[in-house]
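Colleague: Would you mind keeping the following structure in view while I ask a few things?
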Amino acid sequence: MEIPSGVYDVLTDDRTVIAGDRVQIPFDLDRALYEQVNKVLKEIGGRWDGRKAVRAHVFPFQVEGFMRACLATREFPSRFEQGWYPTPERVVHDMLEHAAIRDGMSVLEPSAGTGSIAGPAAGRGAVVDCVEIDARRAHVLREQGAARRVVEADFLDLDPLDCPTGYRRVVMNPPFSAAVQHVKHAMGFLADDGTLIAVMPESVMWHSDRATVEFRELIALAEGEFIRLPDESFVPSGTSVCTVLLVVDAEPGGPLPTHGWHQRQPRQLDLFAMA
Ligand SMILES: C[S@@+](CC[C@H](N)C(=O)[O-])C[C@H]1O[C@@H](n2cnc3c(N)ncnc32)[C@H](O)[C@@H]1O
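If you count the sequence shown from 1, position 14 lands on 1 in this note's numbering, and the numbers rise without skipping.
Listed below in structure tokens is the structure:
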């Protein structure tokens, strides 16, 4: 979405401070302009913190580089487009506890946003590859420098067999509009002894459409677990959606369609190529 020109002028004003995880505007705006600025910053993921010591919009990620990229194009990605809800710290902590990452472990984050999970995973010694569909968020990931590789792409278009090996861990908080599809696709990138940890909407526990029912059956076969997260878990990211954490281990010859499973499938012969 386009940044309205009045908002652009405020954000590029010399007095505006954009640093770390916050945007601070230390001068008065008329009510209408303030509402516009507030709307844009909230849509980008910020939350107004009116405490005397803060008085700034605070973001659940380092906003500086991200904002620079937005201002360069005079556009911003609305948080509602592509289901962008950064994973709050508390949830990331739980995910990484389940992941039990060891130094040098390969990790895939296939809908990496601005790195709320990827950054801390790298901080624990993982070698992290990220996929992100949005150019600006991919730019932020590259600037952060925590990931070994950042692929700007639609994850669902990527072929697991283009990866030489599977990842020991897949950690993800996919767009909830297609969460089951993303998680199933991600299994194709998982090593045969790997673990997948995904934040999913709580509705995955009870939705009765065929894809979700089959997904639950697959997880049950693999003895995976849906762990309910506290109701308020995503409030810091501006949504009260109820969520679960899926933790599922792969095993050689097990039911999950892992990277090894894909490798074992017979390749379809392209008979026409021989003509
Ligand atoms: C719920 S957010 C989570 C972001 C990040 N994982 C985090 O925890 O902060 C989902 C992210 O997936 C990205 N996304 C949406 N569709 C995608 C796709 N098809 N391929 C790759 N990334 C996608 C969105 O741009 C967004 O950044």
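Using N, Cα and C, we set each Cβ at its ideal position, and we do this for glycine too. Here the structure is a predicted model, which is why all the values come from computation and not from measurement.
Relative to ligand 1, is the shortest distance from any of its heavy atoms to the C-beta of Met(-12) smaller than 8 Å?
Modeller: Not under cutoff, so the answer is no.
Colleague: Just to confirm, are Ala108 and Leu83 a CB contact at a threshold of 9 Å?
Modeller: Yes; because the gap between Cβ atoms is below 9 Å, this pair is in contact.
Colleague: Is Arg124 near ligand 1, going by C-beta to nearest heavy atom under 8 Å?
Modeller: At least one heavy atom of ligand 1 is nearer than 8 Å to the Cβ of Arg124, so yes.
Colleague: If you reduce the DSSP assignment to three classes, tell me which class Leu145 lands in.
Modeller: Correct three-state label for Leu145: coil.
Colleague: Which complete beta strand (DSSP E) runs does the stretch 48 to 119 hold, if anything under 3 residues is left out?
Modeller: Listed in chain order, the complete beta strand (DSSP E) runs (minimum 3 residues) inside the stretch 48 to 119 are 93 to 96, 114 to 119.
Colleague: Within 10 Å of its beta-carbon, does Arg135 have 16 or more other beta-carbons around it, so buried, or fewer, so exposed?
Modeller: With fewer than 16 Cβ atoms within 10 Å of its Cβ, Arg135 is classed as exposed.
Colleague: Rounded to whole angstroms, what is the Cα-Cα separation between Ile12 and Val(-6)?
Modeller: So the two alpha carbons sit approximately 11 Å from each other.
Colleague: Can you have a look at Arg124 and say buried or exposed, based on whether 16 or more other CB atoms are within 10 angstroms of its CB?
Modeller: Buried, because 16 or more other Cβ atoms sit within 10 Å of the Cβ of Arg124.
Colleague: For a test of the three-state rule: what should DSSP assign to Glu22, helix, strand or coil?
Modeller: If DSSP states are grouped into helix, strand and coil, Glu22 belongs with the helices.
Colleague: Do Phe142 and Val228 have their C-beta atoms closer together than 9 Å?
Modeller: No, Cβ-Cβ distance for Phe142 and Val228 is not below 9 Å.
Colleague: With Pro97 and Ala173 assumed to form a contact (beta carbons below 8 Å), what rounded beta-carbon distance in angstroms separates them?
Modeller: At roughly 5 Å, the Cβ-Cβ gap stays under 8 Å, so Pro97 and Ala173 are in contact.
Colleague: When the Cα of Val118 is compared with those of Ala198, Ile88, Leu95, Gln49, which residue comes out closest?
Modeller: It is Leu95 whose Cα lies nearest to the Cα of Val118.
Colleague: Excluding five sequence neighbours on each side, which residues of the same chain lie with their C-beta closer than 8 Å to the C-beta of Leu58?
Modeller: Same-chain partners within the cutoff: Ile(-10), Tyr(-5), Leu(-2), Thr(-1).
Colleague: Is the beta carbon of Leu128 closer than 9 Å to that of Val114?
Modeller: No, the pair does not count as a contact, with Cβ atoms beyond the cut-off.
Colleague: What is the rounded straight-line gap between the Cα of Val191 and the Cα of Arg203?
Modeller: Looking at the two C-alpha atoms, the distance is approximately 8 Å.
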